[in-house]
Amino acid sequence: MTPDKIKNLAQKVKDGESTQEEELALLKYLNEGVEQMREFVKEVMTTDVNSKTE
Amino acid sequence: MKFNFDKLNTPEPEPKTPEKVEITQEEFDAQIEQEANKLKTSTQELAKEIEKWGGPEEFKRKMEKVGATKSTFSHYGGNEVKGSPFFYNAEGESGGIIIGKTLGKDIHDDLEYRSIPRKDKIDFGVMSGSFLVGVSTALDIILEKSSEPFATGVVEMFEKIQDGSFMGGDAILPVIVTFFTALAGGGFASAIHEKIRANKVKRELKKQELKHKMTGAELK
Numbered sequence: 575m576t577p578d579k580i581k582n583l584a585q586k587v588k589d590g591e592s593t594q595e596e597e598l599a600l601l602k603y604l605n606e607g608v609e610q611m612r613e614f615v616k617e618v619m620t621t622d623v624n625s626k627t628e
Numbered sequence: 122m123k124f125n126f127d128k129l130n131t132p133e134p135e136p137k138t139p140e141k142v143e144i145t146q147e148e149f150d151a152q153i154e155q156e157a158n159k160l161k162t163s164t165q166e167l168a169k170e171i172e173k174w175g176g177p178e179e180f181k182r183k184m185e186k187v188g189a190t191k192s193t194f195s196h197y198g199g200n201e202v203k204g205s206p207f208f209y210n211a212e213g214e215s216g217g218i219i220i221g222k223t224l225g226k227d228i229h230d231d232l233e234y235r236s237i238p239r240k241d242k243i244d245f246g247v248m249s250g251s252f253l254v255g256v257s258t259a260l261d262i263i264l265e266k267s268s269e270p271f272a273t274g275v276v277e278m279f280e281k282i283q284d285g286s287f288m289g290g291d292a293i294l295p296v297i298v299t300f301f302t303a304l305a306g307g308g309f310a311s312a313i314h315e316k317i318r319a320n321k322v323k324r325e326l327k328k329q330e331l332k333h334k335m336t337g338a339e340l341k
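First to last, the protein sequences are chains R and B. Going by the working numbering, the letters in the first sequence line up with residues 575 to 628, in that order. Going by the working numbering, the letters in the second sequence line up with residues 122 to 341, in that order.
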């Protein structure tokens with residue numbers, strides 16, 4: 575889903591104009607995003623940055 | 122650490138139109154509750170994981186150590202932003218956040234980056250820039266800019282990247298670190314859940330109103 579689509583979706587949820595299907599889609603999107611972030615954080619924080627500095 | 126470019130080269134799938142499956146309202150409500158609770162749980166887990174590995178300061182330290190000054194990234198389908206650790210496709214395709222550092226060498230295209238021996242570069246994982254923008258945009262809108270400035274910072278940053286006015290990789294890191302650590306903990310997930318619940322009540326009231334109008338009954 576593109577950021578613009580998400581933006582429109584989020585605006586509808588905020589304005590109370592969303593359908594329940596749209597709300598579910600937004601939740602699923604956010605869940606997927608947070609999972610990606612967890613993976614990213616894990617990789618960052620378990621990387622040894624000390625042994626390869628200039 | 123293996124840097125999976127295949128993941129980057131796979132375009133984000135377009136959202137599928139929900140199938141018209143006959144499910145009861147209760148089943149739908151249950152799905153929403155399930156996803157909302159999953160969101161709360163996973164953001165709480167994110168908070169615990171950050172703490173487990175040293176906390177926000179450690180996250181910031183590692184991001185700063187690798188991410189800012191010597192990183193150059195190529196694009197795989199979108200606009201290139203030289204000198205910035207992030208790139209984002211203005212047409213809306215998935216960009217990627219790649220943080221890597223080469224030892225004293227600026228890299229200007231993907232192939233060149235891949236050709237650097239692994240011992241000479243550190244690279245972190247890959248995360249879709251599109252997701253990050255999407256999540257922060259959604260939060261920015263739903264939670265109101267005044268109450269959740271971290272989301273606004275990310276959105277503004279990516280808007281600048283998109284229009285080419287963003288300068289300097291160093292400025293990205295504090296925003297990203299703040300975003301991640303502020304996101305963790307579940308507060309925003311609860312706020313969204315409450316908003317969705319309120320919307321449901323609003324929809325039900327509208328239905329009742331319509332029903333009464335159609336039958337000619339007055340709403341008392």
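Ideal Cβ positions, reconstructed from N, Cα and C, are used throughout, including at glycine.
Margin query: When you compare the stretch 312-321 of chain B with the stretch 168-184 of chain B, are there three or more beta-carbon pairs, one atom per stretch, that lie closer than 8 Å?
Written below: no
Check: Checking contacts by CB at 9 Å: is B:T336 closer than that to chain R?
Finding: no
Notebook entry, point to check: What residues from chain R crowd round B:A259, counting only those whose CB sits closer than 7 Å?
Noted result: I580, A584, L600, L604
Check: Along the stretch 155-186 of chain B, what residues have a CB closer than 8 Å to any CB found in chain R?
Finding: For the stretch 155-186 of chain B, the beta-carbon criterion of a distance under 8 Å to any beta-carbon of chain R is satisfied by E156, A157, K159, L160, S163, T164, E166, L167, E170, I171, W174, G175, E179, F180, K183, M184, K186.
Notebook entry, point to check: Are the beta-carbon atoms belonging to R:V587 and B:V256 less than 9 Å from one another?
Noted result: no
Margin query: So with CB distances below 7 Å, who are the chain R contacts of B:Q329?
Written below: Chain R residues near B:Q329: none, gap ~16 Å exceeds 7 Å.
Item checked: Rounded straight-line distance, which links the Cα of B:N320 to that of B:D150 -> 12 Å
Checklist line | Proximity below 9 Å, CB of B:F301 to CB of B:L264 | finding: No; because the gap between Cβ atoms is not below 9 Å, this pair is not in contact.
Checklist line | Runs of alpha helix (DSSP H) lying entirely within the stretch 295-339 of chain B, each at least 4 residues, in chain order | finding: Counting only runs that start and end inside the stretch 295-339 of chain B, the alpha helix (DSSP H) elements of at least 4 residues fall at 308-336.
Check: Would you say B:A319 faces chain R, with C-beta separation under 9 Å as the test?
Finding: yes
Note to self: Just checking: is the beta-carbon of B:A310 within a distance shorter than 9 Å of some beta-carbon in chain R?
What the structure shows: Closer than 9 Å to some Cβ of chain R, the Cβ of B:A310 qualifies, so yes.
Check: Going straight from the alpha carbon of R:V620 to that of B:K173, what length do you get?
Finding: It is worth fixing the name first, because residue 620 of chain R is Thr in this sequence and not Val. Using only the alpha carbons, I get a separation of about 11 Å.
Check: Pick from B:E156, B:N158, B:I171: whose alpha carbon is nearest that of R:M611?
Finding: B:I171
Margin query: Please tell me whether B:E156 and R:N605 are closer than 9 Å, where the distance is taken between their beta carbons.
Written below: yes
Checklist line | Min CB distance B:K316 to chain R below 9 Å | finding: yes
Item checked: Local conformation of R:T593 per DSSP, three classes -> coil
Next item on the list: Using three-state DSSP, classify R:D622 as helix, strand or coil.
Entry: In this structure, R:D622 counts as coil in the three-state DSSP scheme.
Notebook entry, point to check: Do B:I262 and R:Q594 have their CB atoms nearer than 9 Å?
Noted result: no
Notebook entry, point to check: Helix or strand or just coil, what does DSSP make of B:D145?
Noted result: Residue 145 of chain B is actually Thr in this sequence, not Asp. Three-state result, B:T145: coil.
Checklist line | Span separating the alpha-carbon of B:E154 from that of B:L326 | finding: 20 Å
Note to self: So that I know if they touch, is there some Cβ in chain R lying closer than 9 Å to that of B:K323?
What the structure shows: yes
Margin query: Can you tell me whether B:L264 is helix, strand or coil according to DSSP?
Written below: coil
Check: Would B:L260 be called buried (16 or more neighbouring beta carbons within 10 Å of its own) or exposed?
Finding: buried
Notebook entry, point to check: Alpha carbon to alpha carbon, how far is R:V615 from R:N582?
Noted result: 28 Å
Notebook entry, point to check: Which residue's Cα is closest to the Cα of R:D578: B:E143, B:Q146, B:T258?
Noted result: Selection B:E143, B:Q146, B:T258 evaluated against R:D578 yields B:T258 as nearest (Cα-Cα).
Next item on the list: Anything in chain R within Cβ reach of B:I263, meaning under 9 Å, just list it in chain order.
Entry: A584, Q585, V587, K588, L600
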